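Peer 1: What follows is a structure written as structure tokens; I'll ask about it next.
Number of protein chains: 2
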Amino acid sequence: MSKDIFFDRVTVLGVGLIGASFSLALKKHGLCGHICGFGRKESNLIVARERGIIDSFYLDPSRAVAGSGLVVLCLPVGLFLETATAIKSSLMADAVVTDVGSVKGRLVSRLEEILSDRAFFVGGHPIAGSEKSGIGTADPDLFRGRRCIVTETGNTRSAALKLVVDLWRSIGALVEKMDPQEHDRVFGAVSHLPHVIAYEMINTIDEIDSSYLEYAGRGLADVTRIASSSPELWRDICILNRENLVRFIDAFIGRLQRVREDVSSGEADRLEGEFTKAKALRDGIGQD
Amino acid sequence: MSKDIFFDRVTVLGVGLIGASFSLALKKHGLCGHICGFGRKESNLIVARERGIIDSFYLDPSRAVAGSGLVVLCLPVGLFLETATAIKSSLMADAVVTDVGSVKGRLVSRLEEILSDRAFFVGGHPIAGSEKSGIGTADPDLFRGRRCIVTETGNTRSAALKLVVDLWRSIGALVEKMDPQEHDRVFGAVSHLPHVIAYEMINTIDEIDSSYLEYAGRGLADVTRIASSSPELWRDICILNRENLVRFIDAFIGRLQRVREDVSSGEADRLEGEFTKAKALRDGIGQD
Numbered sequence: 036m037s038k039d040i041f042f043d044r045v046t047v048l049g050v051g052l053i054g055a056s057f058s059l060a061l062k063k064h065g066l067c068g069h070i071c072g073f074g075r076k077e078s079n080l081i082v083a084r085e086r087g088i089i090d091s092f093y094l095d096p097s098r099a100v101a102g103s104g105l106v107v108l109c110l111p112v113g114l115f116l117e118t119a120t121a122i123k124s125s126l127m128a129d130a131v132v133t134d135v136g137s138v139k140g141r142l143v144s145r146l147e148e149i150l151s152d153r154a155f156f157v158g159g160h161p162i163a164g165s166e167k168s169g170i171g172t173a174d175p176d177l178f179r180g181r182r183c184i185v186t187e188t189g190n191t192r193s194a195a196l197k198l199v200v201d202l203w204r205s206i207g208a209l210v211e212k213m214d215p216q217e218h219d220r221v222f223g224a225v226s227h228l229p230h231v232i233a234y235e236m237i238n239t240i241d242e243i244d245s246s247y248l249e250y251a252g253r254g255l256a257d258v259t260r261i262a263s264s265s266p267e268l269w270r271d272i273c274i275l276n277r278e279n280l281v282r283f284i285d286a287f288i289g290r291l292q293r294v295r296e297d298v299s300s301g302e303a304d305r306l307e308g309e310f311t312k313a314k315a316l317r318d319g320i321g322q323d
Numbered sequence: 036m037s038k039d040i041f042f043d044r045v046t047v048l049g050v051g052l053i054g055a056s057f058s059l060a061l062k063k064h065g066l067c068g069h070i071c072g073f074g075r076k077e078s079n080l081i082v083a084r085e086r087g088i089i090d091s092f093y094l095d096p097s098r099a100v101a102g103s104g105l106v107v108l109c110l111p112v113g114l115f116l117e118t119a120t121a122i123k124s125s126l127m128a129d130a131v132v133t134d135v136g137s138v139k140g141r142l143v144s145r146l147e148e149i150l151s152d153r154a155f156f157v158g159g160h161p162i163a164g165s166e167k168s169g170i171g172t173a174d175p176d177l178f179r180g181r182r183c184i185v186t187e188t189g190n191t192r193s194a195a196l197k198l199v200v201d202l203w204r205s206i207g208a209l210v211e212k213m214d215p216q217e218h219d220r221v222f223g224a225v226s227h228l229p230h231v232i233a234y235e236m237i238n239t240i241d242e243i244d245s246s247y248l249e250y251a252g253r254g255l256a257d258v259t260r261i262a263s264s265s266p267e268l269w270r271d272i273c274i275l276n277r278e279n280l281v282r283f284i285d286a287f288i289g290r291l292q293r294v295r296e297d298v299s300s301g302e303a304d305r306l307e308g309e310f311t312k313a314k315a316l317r318d319g320i321g322q323d
């Protein structure tokens, strides 16, 4: 399968943990010739080039994409639309543009609209994020054995879809196709909501008494690890997926209010029932 | 310091992860002769004896404590009062009774009242819990380098306090004295609240769509790891610390409601401010 794929030139827009790991994976699996990077920090791009993650770079995205058959958006999702607008007239005709963003939904439709004159857009989302960011922990095997969602819409060109799917499979990901709206419901629930909760759990303890954080044990460290994630990135994700996220925050608040009443009135059996149900579901997730 | 401490006979009431680890630590450091266990499951006690964690056991706590100079309550906290009542007339005169429970507050006052005729009670809480339970992962070094809170009240006998402090230090814990009420505020915020949140986060995702849990990544696995903790234990902890917990759940809901409004109205700067503050605080916790 992977033997059929080869790009002479690929552009990675945003050379952070995911962009750099993707570049290293392409190189490791011999899927491309030259990789050109774009990013907002020249110092980071220089280091990426020194380490062989990228082969060249530009500080102007429209110059970076010229001549590339594959362009991958690895910037924070809040920058996707302006970047797509900036690059569209410089794209090689029939280039495939994909992304690694944590939000799909309407963002996919808008990227399709912006890019459709010149290129084929197919959305992607590798489930391999981390609270860590930056190229320091980039890893060519980051996506191996991890799920990667690839979105399919009524506008998706099937050849481009197949190419993006094969590309992720070639670097070890377990590809699953999903509708962009469904993607945002699923990841709004299992990823975006937990991030908001983790951030606000820390801020709540700080509000109660900031000195208490000193007593954090391993439990709190685990629960709040994702609160070390990039504020800029998560600000954008929350706003781009706002309809789902607001609905899910409301559902969560509703459950918390019921548990609060059970705690307050000492409803031992109901509390144990809640916790037992959650434990059984959590034990089923695995990943320890 | 540890050379001064030696108990001919110790009773451990509740031989789970903490009770078994404590027993192994006492033996490893030569702090006791015979360890007698009590527990609710005979099969577990038989295994504990076979593995040399305890030397003997009874299924009746009042028989288990007879002749022991040190008695350690390692049962779920919800059983402390009835167990203390059951053992009090069988305690050796001037025995020291301590515990490892996650709740202190009024529970300490009540244990002091129940036991004061015969013995000296000093509350303890090693910060070494885990979502795991049972003797399978018992470890004599579980408390090494971990904080252990020891409570001091107006009724605490100073010799008993010193003994409990020295005992924990001898097995490697970093002892900190704290008022029982303050203990419950601190751990209500950094431990009890996060447990409730983790349980309800899982239940909320299940409520939204139970099939979504299949898409859990490492972030959700971390955030909800403590939802694998014992429902019985956490039911009791929540109810015993209900006043603080209700107040903290309310504070958390208040913050979530404000964030919900910011998400809904696309208040990017405010969201980024919230997340940035949380990230800075979380990064300060360490423990990764």
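Sequence lines, in order, name chains G and V.
Taking the working numbering, the leading residue of the first sequence gets 36, the next gets one more, and so forth.
Taking the working numbering, the leading residue of the second sequence gets 36, the next gets one more, and so forth.
Note that the Cβ used here is the ideal one computed from N, Cα and C, for glycine as well.
On a predicted model such as this, the values are computed, not experimentally measured, just so you know.
Classify G:T118: buried if its beta carbon has 16 or more other beta carbons within 10 angstroms, exposed otherwise.
Peer 2: Locating residue 118 of chain G in the first sequence gives position 83, where the first residue counts as 1. Buried, because 16 or more other Cβ atoms sit within 10 Å of the Cβ of G:T118.
Peer 1: Taking V:E278 as the reference, give the member of V:V47, V:D219, V:R181, V:K63 with the closest Cα.
Peer 2: Within the second sequence, numbered from 1, the residue matching residue 278 of chain V stands at position 243. Between V:E278 and the set V:V47, V:D219, V:R181, V:K63, the nearest pair of CA atoms involves V:D219.
Peer 1: Which class does G:R145 belong to by DSSP, given the choice of helix, strand or coil?
Peer 2: As a position in the first sequence, residue 145 of chain G is number 110, starting the count at 1. In the structure shown, G:R145 sits in a helix (DSSP, three-state: H, G or I).
Peer 1: Who pairs with G:Y93 in a beta bridge, going by DSSP?
Peer 2: On the first sequence, position 58 is the one that residue 93 of chain G refers to. Per DSSP, G:F73.
Peer 1: Excluding sequence positions up to five away, which residues of its chain have a Cβ less than 6 Å from the Cβ of V:R179?
Peer 2: Along the second sequence, read from residue 1 onward, the residue named residue 179 of chain V stands at position 144. If we look at V:R179 and ignore the five residues flanking it on each side, its Cβ neighbours are G207.
Peer 1: Hey, out of G:S91, G:S78, G:D39, whose CA is closest to G:S58's CA?
Peer 2: Within the first sequence, residue 58 of chain G is the residue found at index 23, counting from 1. Of G:S91, G:S78, G:D39, the residue nearest in Cα terms is G:S91.
Peer 1: Apart from the five residues just before and just after G:K63, which ones in its own chain have a Cβ nearer than 6 Å to its Cβ?
Peer 2: Here residue 63 of chain G is taken as the residue at index 28 of the first sequence, counted from 1. Once the five neighbours on either side are set aside, the close Cβ partners of G:K63 are P175.
Peer 1: Output, in chain order, the set of chain G residues within a Cβ distance shorter than 9 Å of V:Q292.
Peer 2: Translated into positions along the second sequence, residue 292 of chain V becomes position 257. Result: I284, I288.
Peer 1: Which residue marks the beginning of the alpha helix (DSSP H) containing V:H230, and which one marks its end?
Peer 2: Start at 1 with the first residue of the second sequence, and residue 230 of chain V comes out as number 195. Where V:H230 is concerned, the enclosing alpha helix (DSSP H) stretches over 228-244.
Peer 1: Between which residues of its own chain and V:V143 is the CB-CB distance below 7 Å, once the five residues before and five after are set aside?
Peer 2: Position 108 of the second sequence, counted from the start, is the residue given in the question as residue 143 of chain V. Closer than 7 Å at Cβ, skipping near neighbours: G158, T186, T188, P215.
Peer 1: In three-state terms, what does DSSP make of V:R182?
Peer 2: For the purposes of this step, residue 182 of chain V is identified with residue 147 of the second sequence, where counting begins at 1. In this structure, V:R182 counts as strand in the three-state DSSP scheme.
Peer 1: Under the assumption that V:A224 contacts G:I240 (Cβ atoms under 8 Å), give the Cβ distance between them as a whole number of angstroms.
Peer 2: Counting from one through the second sequence, the residue named residue 224 of chain V turns up at place 189. Counting from one through the first sequence, the residue named residue 240 of chain G turns up at place 205. Indeed they touch by this definition, with Cβ atoms about 5 Å apart.
Peer 1: Assuming V:E235 and G:L291 form a contact by the criterion Cβ under 8 Å, report the distance between their Cβ atoms to the nearest whole angstrom.
Peer 2: As a position in the second sequence, residue 235 of chain V is number 200, starting the count at 1. As a position in the first sequence, residue 291 of chain G is number 256, starting the count at 1. Confirmed, Cβ separation roughly 6 Å.
Peer 1: Tell me the residue span of the alpha helix (DSSP H) that contains V:H64.
Peer 2: Here residue 64 of chain V is taken as the residue at index 29 of the second sequence, counted from 1. Careful: V:H64 lies outside any alpha helix (DSSP H) and carries neither H nor E.
Peer 1: Against chain G, does V:K312 count as a neighbour if the rule is that its beta carbon must be under 9 Å from one of theirs?
Peer 2: The residue given as residue 312 of chain V occupies position 277 in the second sequence. Yes - at least one Cβ of chain G is within 9 Å of the one on V:K312.
Peer 1: Classify V:G68 as buried or exposed, calling it buried when 16 or more other Cβ atoms lie within 10 Å of its own Cβ.
Peer 2: Counting from one through the second sequence, the residue named residue 68 of chain V turns up at place 33. The residue in question, V:G68, is exposed, as its Cβ has fewer than 16 Cβ neighbours within 10 Å.
Peer 1: With V:F42 as the anchor, note down where its beta strand (DSSP E) starts and where it stops.
Peer 2: In the second sequence, the residue the question calls residue 42 of chain V occupies position 7. Per DSSP, V:F42 belongs to the beta strand (DSSP E) from 42-48.
Peer 1: Excluding sequence positions up to five away, which residues of its chain have a Cβ less than 6 Å from the Cβ of G:S326?
Peer 2: Residue 326 of chain G lies beyond the stretch modelled for chain G, which goes from 36 to 323, so this question has no answer here.
Peer 1: Who are the near neighbours of V:A163 in its chain, counting only those whose CB is closer than 6 Å to its CB and skipping five residues on each side?
Peer 2: On the second sequence, position 128 is the one that residue 163 of chain V refers to. Contacts found: L177, F178, R181.
Peer 1: Over what stretch of residues does the beta strand (DSSP E) that includes V:L110 continue unbroken?
Peer 2: For this step, residue 110 of chain V is matched to residue 75 along the second sequence. Looking at the DSSP string, V:L110 is not in any beta strand (DSSP E), and its letter there is neither H nor E.
Peer 1: Could you spell out where the beta strand (DSSP E) holding V:T338 opens and where it closes?
Peer 2: Because residue 338 of chain V is not part of the residues shown, which for chain V are 36 to 323, the question remains open.
Peer 1: Beta-carbon of V:V185 versus every beta-carbon of chain G: anything under 9 Å?
Peer 2: Working through the second sequence from its first residue, we reach residue 185 of chain V at position 150. Answer no: the Cβ-Cβ gap between V:V185 and chain G never drops below 9 Å.
Peer 1: Is the number of C-beta pairs between the segment 282-289 of chain V and the segment 247-254 of chain G that are closer than 8 Å three or more?
Peer 2: no
Peer 1: With a threshold of 16 other CB atoms inside 10 Å of the CB of G:S193, please say whether the residue is buried or exposed.
Peer 2: The residue given as residue 193 of chain G occupies position 158 in the first sequence. Label assigned to G:S193: exposed.
Peer 1: Measuring CA to CA, which of V:F41, V:D95, V:E166, V:V107 is closest to V:G136?
Peer 2: Position 101 of the second sequence, counting from 1, holds the residue named residue 136 of chain V. Nearest option by C-alpha distance: V:V107.
Peer 1: Leaving out the 5 sequence neighbours to the left and right, which residues in its chain are closer than 6 Å to G:F155 when beta-carbon positions are compared?
Peer 2: Position 120 of the first sequence, counting from 1, holds the residue named residue 155 of chain G. Hits under 6 Å: V131, R192, A195.
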